[in-house]
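Participant: For the sequence shown, this note's numbering gives the first residue as 50, with consecutive numbering after it. Each residue gets a CB set at the ideal place from its N, CA and C atoms; glycine is no exception.
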Amino acid sequence: MLVCLGLFARSVADEPYPKSPIIERLQFDWTTHRRAAQGSDNFQLTWAQDGHLYGAWGDGGGFGGSNSEGRVGLGVARIEGTAREFRGTNIWGGADAQNPAQFDGKSWGMIGVGDQLHMWVVPDKPPGKDYRNHYEFIRLASSRDFGATWNKAGWKFTSFDGLTIPTFLNFGRANWGVPESFGDYVYSYFIRPSDPKIQQQGNDAAGLIVHHPGTIYLARVATEQLQSGPDRDRFEFFAGLSPNDQPKWGSIDEKRPVFRDSNGVGWCMSACYHPGFQRVLICTEHGESKAGLLGLFDAPAPWGPWTTVEYYRPGRPFGAQRPGSEWPWENNVFFFAFPTKWFDGLDFTANFTGAGMGKDNDSFNTVSGRFVRKIRR
Numbered sequence: 050m051l052v053c054l055g056l057f058a059r060s061v062a063d064e065p066y067p068k069s070p071i072i073e074r075l076q077f078d079w080t081t082h083r084r085a086a087q088g089s090d091n092f093q094l095t096w097a098q099d100g101h102l103y104g105a106w107g108d109g110g111g112f113g114g115s116n117s118e119g120r121v122g123l124g125v126a127r128i129e130g131t132a133r134e135f136r137g138t139n140i141w142g143g144a145d146a147q148n149p150a151q152f153d154g155k156s157w158g159m160i161g162v163g164d165q166l167h168m169w170v171v172p173d174k175p176p177g178k179d180y181r182n183h184y185e186f187i188r189l190a191s192s193r194d195f196g197a198t199w200n201k202a203g204w205k206f207t208s209f210d211g212l213t214i215p216t217f218l219n220f221g222r223a224n225w226g227v228p229e230s231f232g233d234y235v236y237s238y239f240i241r242p243s244d245p246k247i248q249q250q251g252n253d254a255a256g257l258i259v260h261h262p263g264t265i266y267l268a269r270v271a272t273e274q275l276q277s278g279p280d281r282d283r284f285e286f287f288a289g290l291s292p293n294d295q296p297k298w299g300s301i302d303e304k305r306p307v308f309r310d311s312n313g314v315g316w317c318m319s320a321c322y323h324p325g326f327q328r329v330l331i332c333t334e335h336g337e338s339k340a341g342l343l344g345l346f347d348a349p350a351p352w353g354p355w356t357t358v359e360y361y362r363p364g365r366p367f368g369a370q371r372p373g374s375e376w377p378w379e380n381n382v383f384f385f386a387f388p389t390k391w392f393d394g395l396d397f398t399a400n401f402t403g404a405g406m407g408k409d410n411d412s413f414n415t416v417s418g419r420f421v422r423k424i425r426r
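1) Contact check, tryptophan 141 vs serine 237 under 8 Å by CB: the rounded distance?
2) Applying the criterion that 16 or more other CB atoms from any shown protein chain within 10 Å of the CB defines a buried residue, is aspartate 280 buried or exposed?
3) Which residue's Cα is closest to the Cα of glycine 114: Val416, Leu75 and Asn139?
4) Check each candidate in Trp355, Thr398, Phe367 and Phe385 and name the one with the smallest Cα separation from proline 65.
5) How would you call isoleucine 214, buried or exposed, if buried means at least 16 neighbouring beta carbons within 10 angstroms?
6) Does the Cβ-Cβ distance between isoleucine 72 and aspartate 210 come in under 8 Å?
7) How many angstroms separate the CA atom of valine 358 from the CA atom of glycine 368?
8) Can you tell me whether leucine 267 is helix, strand or coil according to DSSP?
9) Three or more beta-carbon pairs under 8 Å between the region 313-331 and the region 261-270, yes or no?
10) If phenylalanine 385 and phenylalanine 401 are in contact, beta carbons under 8 Å, what's the gap, nearest whole angstrom?
11) Taking C-alpha atoms, which residue in Phe92, Arg84, Leu94 and Gly143 lies nearest to glycine 110?
12) Please list the terminal residues of the continuous alpha helix (DSSP H) segment that includes serine 417.
13) Of the residues Phe77, Pro67, Lys68 and Asp63, which one's Cα is nearest the Cα of glutamine 370?
14) Compare the Cα-Cα distances from alanine 320 to each of Phe239, Gly289, Val382 and Gly336 and report the closest residue.
15) For tyrosine 322, does the count of other Cβ atoms within 10 angstroms reach 16, so buried, or fall short, so exposed?
16) What residues in its chain sit with their C-beta under 6 Å from that of glutamate 303, if we drop five residues either side in the sequence?
17) Between the C-alpha atoms of glycine 364 and glutamate 273, what's the straight-line distance to the nearest angstrom?
18) Which runs of the alpha helix (DSSP H) fall wholly inside the region 212-246 and span at least 4 residues, in chain order?
19) With distances taken between CB atoms, is the gap from asparagine 381 to glycine 405 smaller than 8 Å?
20) For the putative contact between arginine 413 and alanine 86, defined by C-beta atoms under 8 Å, what is the C-beta separation to the nearest angstrom?
21) For threonine 131, name the three-state secondary structure that DSSP assigns.
22) Given a cut-off of 8 Å on the beta-carbon distance, is the pair valine 227 and isoleucine 160 in contact?
23) Skipping 5 residues on each side, what residues in its chain have a beta carbon closer than 7 Å to that of glutamine 276?
24) Taking only the alpha-carbon atoms, compute the straight-line gap between glycine 341 and isoleucine 331 and give it to the nearest angstrom.
25) CA-CA distance, aspartate 90 and lysine 178?
26) Going by the beta-carbon positions, is the gap between glutamine 249 and asparagine 182 smaller than 8 Å?
27) Assign valine 275 to one of three DSSP states: helix, strand, or coil.
28) With a cut-off of 8 Å on the beta carbons, I'd call proline 245 and serine 208 a contact; round off their distance for me.
29) Go ahead and pull the three-state DSSP assignment for alanine 62.
30) What residues in its chain sit with their C-beta under 7 Å from that of proline 366, if we drop five residues either side in the sequence?
31) Buried or exposed: where does methionine 50 fall if 16 or more other Cβ atoms within 10 Å of its Cβ makes it buried?
32) If you draw a straight line from the alpha carbon of alanine 223 to that of threonine 389, how long is it in whole angstroms?
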């Protein structure tokens, strides 16, 4: 059974961008809703060279574990099979893992490029601190053995750079299918923290929140440089558009917003490219975190111009109607993504996660659906 979410009354003025000219809405078939890895969240997935999906989870035992059994702060899983018949294996950390986790942290950004995996990692407890602060800095970790071992770069981006929790823009298998007009680059989106001194926990704890003024930045690095281990200054940042609407690139100090939402942006996000639509898709929160208030946006290029596909409201958050799904539910979803391996024309299988404290959506969730294409009149 397909349910149309997006038919309810929406005030265009509340949305940061006009309606998508390509995608009318999403239809979900909640009879396909599957849940695994109860007690582990996040799972931003990338399609690697070996044909499998890989992704990082946090604060749980991963597949076959629980919120306590096999619990690690950061783990990496491999997901094999089809969208409807997948199986997950803990590659790095977690219950019955093939390899032990080497460090703690969290990640909402992984990408497979050639025969390597790369992961943006933020800390749990930064060095010298006795409290969590995912916002404080970002490091790049890379793996040459499909997630069995990871090496972290010696440099960081920090909240004082105006950057926090990033994600990669994922394309096809091993990052194949990047349009020629985008260049031979790997792209990353970064959330702007509401305050460079922000603390997740500690004396001035803000928690994991929707950030205001609601700004996202875009960076790129040449593929060859990423594969050989880039220095921090190899990353170029979107610095606005030229008079003929071509992207300009500059240093971190020259960065300009690539996306804005006056209702705020979440503390994490996802990004992918749909080859059929030839559109970039990004998803993040607005308004309030861990409440199913997701926004899905599309654009013809990583730098825009953006339009709105879905913009969920407090009265009708993501998953408010789930005909056919019998899994326990709370309106606490904070992350939603499209694994590019699971695109099939207009059909998709998405994954999402929520803040269930070991229950309900604090898990790896998948649901299949369909993009409804806009009818040109």
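Facilitator: Well, looking at it:
1) For a cut-off of 8 Å, the C-beta gap from tryptophan 141 to serine 237 is around 21 Å, too long to register as a contact.
2) By the neighbour-count rule (16 or more Cβ atoms within 10 Å), aspartate 280 is not buried but exposed.
3) Comparing alpha carbon positions, the residue from Val416, Leu75 and Asn139 closest to glycine 114 is Asn139.
4) Answer by Cα proximity: Trp355.
5) Looking at its Cβ environment, which holds 16 or more other Cβ atoms inside 10 Å, isoleucine 214 is buried.
6) Not in contact: isoleucine 72 and aspartate 210 (Cβ atoms no closer than 8 Å).
7) Going from the Cα of valine 358 to the Cα of glycine 368 covers about 16 Å.
8) Here DSSP, grouped into helix, strand and coil, assigns leucine 267 to strand.
9) A contact exists between the region 313-331 and the region 261-270.
10) Distance from phenylalanine 385 to phenylalanine 401 at the Cβ level is roughly 4 Å; contact confirmed, criterion being Cβ atoms closer than 8 Å.
11) Taking only the C-alpha atoms, the option nearest glycine 110 is Gly143.
12) Run containing serine 417: none in the alpha helix (DSSP H); it sits in the beta strand (DSSP E), 413-422.
13) If we check each option's Cα against that of glutamine 370, Phe77 comes out closest.
14) Of Phe239, Gly289, Val382 and Gly336, the residue nearest in Cα terms is Phe239.
15) So tyrosine 322 counts as buried.
16) Non-local C-beta neighbours of glutamate 303 in its own chain, meaning closer than 6 Å and more than five positions away in sequence, comprise Ala288, ordered along the chain.
17) So the alpha carbons of these two residues sit roughly 47 Å apart.
18) The region 212-246 contains no whole alpha helix (DSSP H) run of 4 or more residues.
19) By the CB criterion at 8 Å, asparagine 381 and glycine 405 fall inside the cutoff.
20) In the sequence as presented, arginine is not what sits at residue 413; that position holds phenylalanine. Confirmed, Cβ separation roughly 4 Å.
21) Three-state DSSP puts threonine 131 in coil, outside helix and strand.
22) Contact flag unset, no.
23) For glutamine 276, where only same-chain residues beyond five positions count, the Cβ hits under 7 Å are Val162, Gly163 and Gln165.
24) Their Cα atoms are separated by approximately 15 Å.
25) A straight-line Cα-Cα distance of about 24 Å links aspartate 90 and lysine 178.
26) Yes. Within cutoff.
27) Residue identity differs from the one stated: residue 275 is leucine in this sequence, not valine. Look at leucine 275 here: in three-state DSSP terms it is helix.
28) Proline 245 to serine 208, Cβ: 5 Å. Contact.
29) Note that alanine 62 has pLDDT 38, beneath the 50 cutoff, so the model's placement of it is unreliable and the number below is only indicative. In this structure, DSSP gives alanine 62 a helical state, which the three-state scheme calls helix.
30) Within the same chain, proline 366 has close Cβ partners Ala340, Gly341, Leu342 and Asn380.
31) Because the pLDDT of methionine 50 is 49, which lies under 50, any placement of that residue in the model is unreliable, and the number read from its coordinates should be weighed accordingly. Methionine 50 is classed as exposed because its beta carbon has fewer than 16 other beta carbons within 10 Å across all chains shown.
32) Near 11 Å, if we compare the C-alpha coordinates of threonine 389 and alanine 223.
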